[in-house]
Each structure stands twice: as C-alpha cells, then as structure tokens.
Amino acid sequence: MKSLCLAVAALLCLVSVSHAARIDTAFRYSTVETRHFAIHYHQGLEGVARRAAGMAEEIHDKLTREFQWHPAGKTQVVLIDDSDFTNGLAITIPYNTIYLEVVPPTLTSTLGEYDDWLKTLFTHEYAHIVSADPARGYSKVTRAIFGKPLPWMDPLSALLFLSTAPPNTFLPRWWHEGMATWAETKYTGQGRGKSSYYDMIFRTAVAEDNLPTVDQINGDVPEWPSGHLPYIYGYRLQRYIAETYGDDVAGKLTLGHAGRFPYTITGPAKANFGGKSYREVYRDMIASLKDEQSRRVAALALQPFTPLSTIYDEGENLTSPRFSPDGSRIAFSRRDPRDHTTVIVTDASGKKVAEFRRQLSDGSLSWSPDGRSIYFTQAEVNRGFNLYQDLYVYDLDQGRSTRLTEGERLGDVQVSPDGRRFAAVASSRGSQNIVLMAAGTPEGYSPAAAITSYTEERVSGPRFSPDGRSICYVLTDNAGTSSLRIYDLATKTDTPLLSAGSTLAYPAWAPDASAIYYVSDETGVFNVFAYDLRDRKSYQVSHLLSGALQPDPAPDGSRLLVAKYTSRGFKIAQLGVDRAQWRERRGPALPLTRTLPAAVGQPAGASSAQPVPSPAPAAGALSLDRPSQSSQGGQVSPPAPYNALDTLLPRFWLPRIYADGPDGIVLGAFTAGADAVGYHSYALSAAYSSERKRGYYSLLYNNDSFYPTLTLRAHAEPFLYADLYQNGNDYWELNRGVSLQASIPINRLESHYRLLAGYEIVDQEALTPLRPDGTLYGVPVFQGRRDNLFAGIDFDNVLKYPYSVSSEEGRRISLLYRHYARDLGSDINLSEYSATYQEYLRLPLKTPRHQVVYLRLSGALADGDLQFGQQAFQMGGPPSDLNKYPLRGYPVRSMAGKYIATGTLEYRSPIMYPLHGIGTVPAFAEKLHGALFVDAGQVWDDHRSFHGDETRVGAGVELRADVTLGYWVKVTPALGFAHGFNKGGEDQIYFTLYLGL
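Take the sequence shown: its position 231, counted from the start at 1, is 214 in the numbering used here, and no numbers get skipped.
What follows is the structure, encoded as structure tokens:
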C-alpha cells in the first residue's frame, strides 16, 4: 500500500498541467457524510460506502485518542475501483484526504491477512492523517495564518513551505508507515504486524543474519523487501517503542514532532526514550528482535525441517511455479530490481530454456494441455484510465504473446484439463467471484460468466480438478475466516471442505484427485498441508523454518514445487511427496500473534477443519437511502450528488516576493486548490509592484471532468531575459497572455502518447527602457501580439529499473508546431517547429550491469518574419531544466538564431552502489555513476546559412550521484568537466542537478 503523507510531490500534480485526465469519465460520484468524514464513491460502490460510513466514526474515536489529535474539518474519503491492485493514499495538504482502491488484497501484497480488509485500509490511512496533521507551538501559529500550504515554483516559496507546512509531513517514511502499520495492527483484529507474513520476514532475516540498519530503512534500498522496508521495520520499531516506553508514546511523539522545525527529529525521541535517539532505540529494537526470533527458530528446530531442493534462484522474487502437463518443464514468474518482470521456463532440473516479458500482474500462470503455450494475466490501461488485468497467451513455438480479453479484470487464471474453458477470479466494485470463460471460439474466448456471487470478499486460487468437473478455491470473509471449497460444475453446488481463522491459500489438486494441497499458517509458519478427500481430514505436509507459498504437484505426484521464502526474496524449490510422512497432528507450532475468530479458534496442534456457516451480513453495513446510525451512533447522511465546490475553495496562501526590474520589488500571494475527487485543480497568484504602480497575476486551471483534459492559463507577469543575446544586458518585459489547451491521452502501462492542441493569446511589452528605434543597446526586441495556434504530440516508452543509473531502454519523441498569423490577431506571421528525439540503449554486458548509451537529437526552426532577441533559439552551457539546448564546453546560451540543431551521445555506467546514509540524517546515497559525452550543435539564420564546419563540438565527463534528500526528494547532482573544440569553446568545470535521468 502506498501511503504518502509528504504532499509536496503528490499534490503538485493537482495544480500543475495535466497531461491526461486522471479519472474515468464514466464514473459518477455521490457523497455520504458522517460527523467527521465525507465519503465519496462512484456507481457500484454503494455497498462499500455503507461499510466505510459504518466504521468511520469508530476508527476516528480510537485513533484520535491514540494520537491525541482531532483534525479540523471533515476528512475527505474517496473510494475508487480503477485498479485490480489494492492501494491507499493519505494526504494532509491542503486538506485531509484519503483515497482507497477498493479491491480485496492478495496474500503476497503483505496486506492479505486481515479480519476486514476495508477496515484495515481505512485504519492505516486515517492513522496517517492523525499522525501527520498535528500542529503545536510555532506550527499552530503558522497554520492559523497560512493554512496548510503547497509551495510555488521559487526558492523563497520552498523555504516558506518548510516553515509553514505540518512539521510531521517531513518525518522519515519509516516513521509514517511504521506508525500507521502499528495503528492498523493495534486497532483491527489482525493487521500486518500480527501477520505470519511479517513474522516470516523477521524470522528469516534473523536466521540468515540479514537485518537492515536504520539508515537503510531511512533511504530507498532496491533489494528485497525494498519498498516494504519502511512498513516492516518501521512497524517493528514502533511496536518496540510502545512495549518499552509506554503504550501512549505514539501520541506523545506525534505532538512532540508537531512543534519542531522539519528534520530536527532527535529532540522528541530523547524526551520520550530516556535520552536515547531513534538510532539508538532502533539498535535496541534489533537486539530485541534477534532475541525474540531466535527463540522462535529454536522452537521450530525441535523437529527436523522438511528438506527442500532449490530449482532456480537467479532473481529476487520467483513465484507461481507450475509444472508443464508432462512434467518436463517448469514455468514461473520472475521479478527482480535489475530487470523487467519476466516469465521463465526451465527444464525439470532448473536450466532455463525460455523467457518472455510480463507486465504488472498477480503472477499467476497456467500451461495449455499440450504444453505449447502458457496462459497468464497482466495489467494494462483500460479506457485510458483504469489499471485492469486481462488474459494473455504466450506461444512457446512462435515466441509471441497475444491478448485474449479486454477489460475483464481477471486474476488467478487456470485453463481446464481439456483446454476448452478457463476459470478465473474476476474483481468488480470491491467484490471478487469465480468466473468461467469458454475457449476455442472464433474470438478466442467468451465473455466471463460468474458462478459465485460473493460480496466484498476475497476469492482466490481456483483450480480445476484433474477430470475438469470441479473447481477448488478459497474464500476469505470479513470476519477473519478462510474456507477451502469445491464447486461442482455439473450440479452447480458449492461445498465447503474446511474453515480456519488462520490463512488458507493456493489450493492445488493432487494428480489422482485424492487430495487438495494448500498453504496455511496455522502453525505460525506458511507450510504446505493436504486435505484428503477420502477420509475428510487435513494433514501437515511440510515443516519449514521460513515458509513457502504456491505449491504445485508434479504430474506423477512425486514432488511439489513451491516458492520458498529467503531473506532475499522467494526462490523456486521442490519437496518430495511421501504420504507416510503426513501428520494430522500439527507442529512444531509458534504462538499465535493474533486472536482467531471465536467460531474457528483452535489450540495449537489441532486441526482446523470444520463446517463453514453461511456468510453473515457485513458488520457495520448501513442503508444509504435514508439517514442512518453509524456503529458509534452518529448520523450518516443520505446520499447526495458529489459537489466539487465543497472542497475546491482555497485552503491556504503564502506570500511571494520577486522582481520586475533591476531595483523593482513585487509583493504578492498565491494559493491553489483541487476538489477531492480531482475533477478540477487550479493555482492562482496575485502581486503588486509599488515601483511600477501595477499589478501582476497568473492563473492555471485544469478540468479533468471530460476527455480530453482542458487547461486554461492566464497571466500578466514580468519576465527576465538574462544577458539577452550575450551582450551583457538584461531585458525585462511584461508578458500577458491567455491560452486554452486540450490534451488527449492514449495510455498504455509501459507507453504513453499525448496529443495536444490549443490557442494562445500573448502580448509582450517592454518594461526595460528602450532606445527610440526599439532596440536594447542595438539589439532589436519585439513588442506586440504573438497570438498562435499550436499542436503537438508526445510519445514515451522509456523503462527504468531500481538498480538503473538512468533510463535503460525505449525512446521519447516530442513534436510541437506553433502558427502565428496576423489573421489570428498576431503582429507577426511565423511558423515554428520543434522536435526532440531521445533513445536509450542498454548494453548487453554483465559486468557491470546497467551500462547505457543515450542519444538525444533536438532541433527547431522558425519560418516567417524575422525573430527578435526574446524568441531566438539559444544554445550553449550544461544541461538543466532552464536550458533547452545545452552544449557543454561553451558559455550558456552563447549562440542564437532562427534555426537550431543539437545532438548528444553519452555512455553511462554505474560505479558503485553505496546504499547507505548516516543514521537518521535526512540524506541517503543510492548510486554513484559516471558519463562520457559528446555534444554537437549549430545555430543559423537567414543571413548565416548552415555549414558543417560551423558545427560546435564539445566533449567531457560527468560524475553523478543519486541521492535522497529530506527523506523523500530524489535528485542527481553532477560534477562535470567539458572542453569545447571549436570557436567560442572553453574548458568548463560545472555543477548541475538532474531530476530523473
């Protein structure tokens, strides 16, 4: 789950130019309100909204007592079903908002062990709100004056943002995620802290001596468990703090940090930890964790562990192993921070024989009966907005993947033994159900037809029986109970086999249909079990130290493939099947870390098989057609159409100070806003110059209610042309304009097109005094209208991986055309064309990996009236966001003209991966890398034609470092040396800053 309380980056997108609409325009939102929440939901989510409203006030009461803070105003909660992957987002700036992706989480998401998945998500995200929002001392004063602001696009604004935003916003990610995960664990029946998945991670890390240091959870380590590190070890730190220093310390820390300037985190720690810092307490926690888990390892070691033989271990997360129908090959999914996700096929011994790429997915696989194809699911953008999974097939003979469905939202797809139909899990509006599709039609598939009708519950792991007449699967309800079930396709009857308060997952039929293998944590460890269909009993098949998931039996029944857990991820292994070794009596077992549901609670060592009662109505469910009582007795309003104005008005302001001349000072203010759902966003600035006796303003407004996105800009602002034409003189102009733009996205998961078009009115007027002939020290400058029509297209399919030192493959292309004409109101006739092409080529070298060749070609031309100084294309200097046409080895913008062509060729290579910081200091060094480059370019105009010998060439080297500053901001500072080989060239030592290579 992604929970971002640092709103700087997350919310800037609300007030910046959208490249595409963000919300499915088919969604129609409604709102219900409780005392402290406004819950917005689109059609189909009425049931989820009822449950959310029913639990909201109870969650509020518990967490506000815990964190000793009551947020002002109602927290906005947006429920959305635009993804097949569970996620959440909490934002406190400029107002408190929670976004919840309403799909039951899978076990491998780390969220899959729950008693009520919606309550777990809601609790986690609201814990972010009440722990990040508080204000005390100076921050209480600044909030009363400024609100909770976002920064404008200048250094002063950034400094003011640091001084006025909620101080807890700037705490480390491990603090935010650890606190929220601890709260979710304390205030729900389960939560990740009580899960066997987290315990497996801790136990194995201790057993294999692979525990992270505090600086590593402070940064962004690409190795497993990578992005989960702040959650896992942040939670364990907060749990240790609560157990050692008092259960009320979470609230004390929250308020303690809320009164301190950002990044001064040691004071509240020492005040609550007897003089110890977070770094010292983390060290104590690790010692406690080692002691705790060493005892658990010793308890498990009382009996010999089931031997596992590794089949394949090249890669970080190897999951979903599947034997081919004849048992001669094995297929599995591979995720690794050094490369693209793939499906790997090996022979039975583990030797790789094939591999193909796979996009984001649930990881499931299924062989065709003839063993010539592999069916799999993967996500793709649907309708331009939503991230849904569909069915694909990879032909091993032809080496080609083909998409079979469109927008069906499928997971856990399995093909029947005769190859005539598919079983899958379909997600929709917070619910999951088993669906069937017929194969072999002219279209390749038939529409999915549901055979179950569960509501807001998780369904997983459908597998056909060997004869194809039945399907086994697992149902997980919202009371903490899982049940293993069989659906008879002929009689259409659904029979429960066993139920447990522990996890049941990944069922798989024995080849002779005598038993169903499954994974459970009823011993405190994810072990393999088998339910014998003849004697109706469950047996423990494995006894493991770490754990294993996703068993798959060989066609001859002699062995099982599993994804075994290690401290460096999952690996593919196998264990022999010997029924004589199966045990009805469980053990050794670890103490349970959670309370089992009363109906299915069992002592350690007992079997949990028992009848499954019919599902009860969801707890806290409310009617939305009339006022209702929440679970805490508060009123829930009847549903009303969503009103964007309720959250659109400004909530903050910050001062602006800038210049409109050599001695001119401009004083002003800015604000910004967006409605909770995201249909409308804007940024507004107004200012006044006492010297020039005039006002300035700027407005940016985006409308995402439609397809395409509409963007309106209006401004009247001073603009500086520093050292115009490199003649030593600065030129100030008043630039006024209005533009209307439409952007049409054509999105895929790994590629993006954007078409844009619009009309712009621009008026330019000199603020700097000019000579009577309209020149600035002999340089002509333009005054007047430059109204234009414009159109463009962008394409991007660039890919980058966690260990990459830059983008590694793909290309970016950008084309833009502007037409200025007197018929449009312009004072000039001109056509302006610009284009940029970037290519990334990964070199096929193993040592070191991630070597890249980068090519950039860029050019522009203006056809028509003579351009003036302000509009000339300028070339020279090192790369930066303000230098569109760099040429290293030459002075910045030292050459100008109507036509320009530039090119860059770079070789990029990693040098080392420090992956360390200094304790809890807000700086983390990720990568050190270098680049060798050659730049070339030329500018010309109507009086100076293009000549090859006028091309300027520069070359040099850059040393770059990827660092994370302030716990959240990723930047790449670079120190470079360049030599210009032609006229005007020079030796340069320079510093520049990249924001995403």
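Each residue gets a CB set at the ideal place from its N, CA and C atoms; glycine is no exception. Keep in mind it's a predicted model, so treat the numbers as computed, not measured.
- With 16 or more other Cβ atoms inside 10 Å of its own Cβ, G872 counts as buried.
- When C-alpha distances from L516 are compared across Q564, G886, S448, K177, the shortest belongs to S448.
- When secondary structure is reduced to three states using DSSP, M38 falls in the helix class.
- The three-state reading of DSSP puts V946 in strand, counting E and B together.
- Bridge partners of S668 according to DSSP: F653, S681.
- The three-state secondary structure of P138, taken from DSSP, is helix.
- With fewer than 16 other beta carbons inside 10 angstroms of its own, P633 counts as exposed.
- In this structure, the beta-carbon distance from G310 to P538 falls below 7 Å.
- In the three-state scheme derived from DSSP, where H, G and I count as helix and E and B as strand, Y180 is classed as helix.
- About 12 Å separates the Cβ atoms of A406 and I469, ruling out a contact at the 8 Å cut-off.
- Cα atoms of H899 and E674: separation of roughly 51 Å, rounded to the nearest angstrom.
- Between S122 and A241, the beta carbon gap of about 6 Å places them in contact (Cβ cut-off 8 Å).
- Here T89 is buried: its Cβ has 16 or more other Cβ atoms, across all protein chains shown, within 10 Å.
- If one requires a minimum length of 3 residues, the beta strand (DSSP E) runs lying completely within the segment 256 to 329 are 292 to 295, 300 to 306, 312 to 318, in chain order.
- Annotation for N201: the continuous alpha helix (DSSP H) segment containing it runs 197 to 201.
- When DSSP states are grouped into helix, strand and coil, G967 belongs to the coil group.
- For the pair K783 and K235, the Cα-to-Cα distance works out to about 41 Å.
- W158: member of the alpha helix (DSSP H) spanning 156 to 170, first to last residue.
- Taking C-beta separations shorter than 7 Å and ignoring five residues to either side along the sequence, the partners of E791 in its chain run L782, K783, Y784, Y823, R825, H833, V835, following chain order.
- C-alpha of E16 to C-alpha of A749: approximately 54 Å in a straight line.
- Bridge pairing for G842: A818, A884 [DSSP].
- Measuring C-alpha to C-alpha distances from T325 to each of G333, S332, S316 identifies S316 as the nearest.
- A check of alpha carbon separations from D504 across A491, A531, K520, R519 identifies A531 as the nearest.
- For F339, no alpha helix (DSSP H) encloses it; the enclosing beta strand (DSSP E) starts and ends at 335 to 340.
- CA-CA distance, M136 to I128, rounds to 21 Å.
- Per the coordinates, the alpha-carbon of W157 lies some 36 Å from the alpha-carbon of Y456.
- With a beta-carbon spacing of about 14 Å, W492 and V524 fall beyond the 8 Å limit used to define contacts.
- Shown here, V15 sits in a strand according to DSSP, grouped into three states.
- Note that the C-beta distance between R11 and H25 is below 7 Å.
- If the five residues before and after R341 are omitted, its C-beta is found closer than 7 Å to the C-beta atoms of S316, T324, T325, V326, F359, Q361, all from its own chain and listed in chain order.
- The straight-line gap separating the alpha-carbon atoms of A652 and S140 is approximately 10 Å.
- Taking the C-beta atoms as reference points, P874 is found no nearer than 7 Å to P861.
- Distance from the CA atom of P308 to the CA atom of W350, rounded to whole angstroms, is 7 Å.
- Assignment of W100 by DSSP, reduced to helix, strand and coil, places it in the helix class.
- Look at P638 here: in three-state DSSP terms it is strand.
- For Y522, the enclosing beta strand (DSSP E) stretches over residues 520 to 523.
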